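Undergrad: At position 6 of the sequence shown the residue is numbered 6 (full-length UniProt numbering), and the sequence of numbers has no breaks.
All residues carry an ideal CB built from backbone N, CA and C; glycine is no exception.
Nothing here was measured: the structure is a model prediction, and the numbers come from that model.
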Amino acid sequence: MKKTAKPKRPTPSAPLLSNAKPAKHQYVEPTEVYDAHAKLPTGEGERLQKVLAKAGVASRRAAEEMIEQGRIEVDGAIVREQGLRIDPQKAVIRVDGTRVMVREELVHLALNKPKGWQSTMSDDLGRPCVGDIVAERIAAGQRLFHVGRLDADTEGLLLLTNDGDLAHRLMHPSFEVSKTYLATVNGEVHKGIGKRLRDGVELEDGPAKVDKFQVLELGEGRSLVKLELHEGRKHIVRRLLAAVGHPVIRLVRTNIGPVALGDQRPGTLKVLGRSEVGKLYEAVSL
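(1) Could you have a look at L197 and say whether DSSP puts it in helix, strand or coil?
(2) Alpha helix (DSSP H) containing E217: first to last residue?
(3) Buried or exposed, going by whether 16 or more other CB atoms sit within 10 Å of the CB of S223?
(4) Helix, strand or coil: how does DSSP classify S122 here?
(5) Can you find at least 3 beta carbon pairs, one from the region 251-270 and one from the region 104-116, that sit closer than 8 Å?
(6) May I ask you to report which of helix, strand or coil DSSP gives K279?
(7) Is DSSP giving K209 helix, strand or coil here?
(8) Since I believe H230 is in contact with E188 (beta carbons under 8 Å), could you give me their beta-carbon distance rounded to a whole number of angstroms?
(9) Buried or exposed: where does H146 fall if 16 or more other Cβ atoms within 10 Å of its Cβ makes it buried?
(10) Among residues of its own chain, excluding the 5 on either side of A152, which ones have a beta-carbon nearer than 7 Å to its beta-carbon?
(11) Could you check if R143 is buried or exposed, using at least 16 other CB atoms within 10 Å of its CB as the buried criterion?
(12) Are the beta-carbon atoms belonging to V57 and V100 less than 8 Å from one another?
(13) Roughly how many whole angstroms lie between the Cα atoms of L280 and G148?
(14) Since K226 sits in a beta bridge, which residues does DSSP pair it with?
(15) Specify, as a first and last residue, the run of the beta strand (DSSP E) that A139 falls within.
(16) Just to confirm my understanding: we take K2, look at its own chain, exclude 5 residues before and 5 after, and list those with CB closer than 8 Å. What are they?
(17) Using C-beta distances below 6 Å, list every residue in its chain close to H70, excluding the 5 sequence neighbours before and after it, in chain order.
(18) Answer yes if the region 166-175 comes into contact with the region 205-220, meaning at least three C-beta pairs across the two stretches below 8 Å, and no otherwise.
(19) How long is the line joining the alpha carbons of L84 and D163, rounded to whole angstroms?
(20) Go to residue 310, then tell me how far its beta strand (DSSP E) extends in each direction, as first and last residue.
(21) Mind checking who N112 pairs with in its DSSP beta bridge?
(22) Whole angstroms are fine: how far does the CA of P173 sit from the CA of L159?
(23) Can you tell me which of V277, V74 and K212 puts its alpha carbon nearest to the alpha carbon of V259?
Have a look at this one:
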C-alpha cells in the first residue's frame, strides 16, 4: 500500500456556481397554488424561467413547459403562471420535489485532505492546513466552513461551503449523514469483527457502532477494511478499530453522504456538481 507523497500546495481555481439538479420521479402534486401577486410588486424580481435556466435546470422554453406541467414549486406551492417574478435570493424553488439552489454566492467544494494537514483555516504553529489551500478564495471574500474535521493523520474527503445552515446540519448527529472510510489496520480481520462493530462496542464515552463493514484485503499481517457510519465523535473510527484489536495504520475518508472522493488527487479542490449539491440538501431536509 503506497504512501501518498506530501503534495505541493495547489492554487485553487476560481469559484464556480453549484446548484441542485432536479431528481426524476419525485414529483408530488402540491395542494396549494402559488399566489404571485402576494409576493413581489410588479416589475421587481426575476422571471422564474430565467432563474431556472441560469441554474442549469433547463432552457427557458423547457422551463415554461415544466411550469405548464405543474412540476415547479416556489415557497412550497405549485406555480401555474408563466413569467412569474421571484426573488432568487430568498425564494425556495423545487423541481419535481427536489430543491434547486440558485443563489449565485453559494459555494460547495470537495477537498482531498492530505495526510499531515490540519483541518483548520489557520494554524498558530505554521503547519500546513486547509486554509492554505483555499487562501485565494478567502482573500477574495468567500467565507468557507469546513464540514467536520479529519485529524492530521487521516486523509480524504472534507467538504467546504459558505452555507452555514448546510454545514451545521451535515455535522449534526440527528440527520445521520453517513461517512465511509477505508482503513488499513494491523492484523488479519476475521469474520466476527464485523458483527461486533455492527452490534456496538463500548468506548470510554459510551457505545458506538458502524452501519456497514467489509473486509477488502488480507495479507502480510494487515487488512484493508471499508466501514460506513454516521457517528461524528472525535477519532471514532480509530477508537472503534482499536477497541476490537486492530489499530489503524492508514485511514482515508472516501464518502460523505452522496459525495464521493473518487480519483481526486490529494491537496486538490473540486466544485461539486448540481446532482451532488441537490442530494446533500435533500439529506439534511433543506
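TA: According to the data block:
(1) helix
(2) Counting along the chain, E217 falls outside any alpha helix (DSSP H), though it belongs to the beta strand (DSSP E) covering K212 to G219.
(3) buried
(4) coil
(5) yes
(6) helix
(7) coil
(8) Wrong, their Cβ atoms sit about 27 Å apart, outside the cutoff.
(9) buried
(10) G116, W117 and Q118
(11) exposed
(12) yes
(13) 15 Å
(14) L182 and Q214
(15) Not the beta strand (DSSP E): A139 falls in the alpha helix (DSSP H), residues A135 to A139.
(16) Bear in mind that the predicted position of K2 carries a pLDDT of just 48, short of 50, making it unreliable; the figure below should be weighed with that in mind. So no residue of the chain qualifies.
(17) It should be pointed out that residue 70 corresponds to Gly in this sequence rather than to His. Hits under 6 Å: I78.
(18) no
(19) 27 Å
(20) Because the chain here runs from 1 to 286, residue 310 falls outside it and cannot be looked at.
(21) L157
(22) 16 Å
(23) V277
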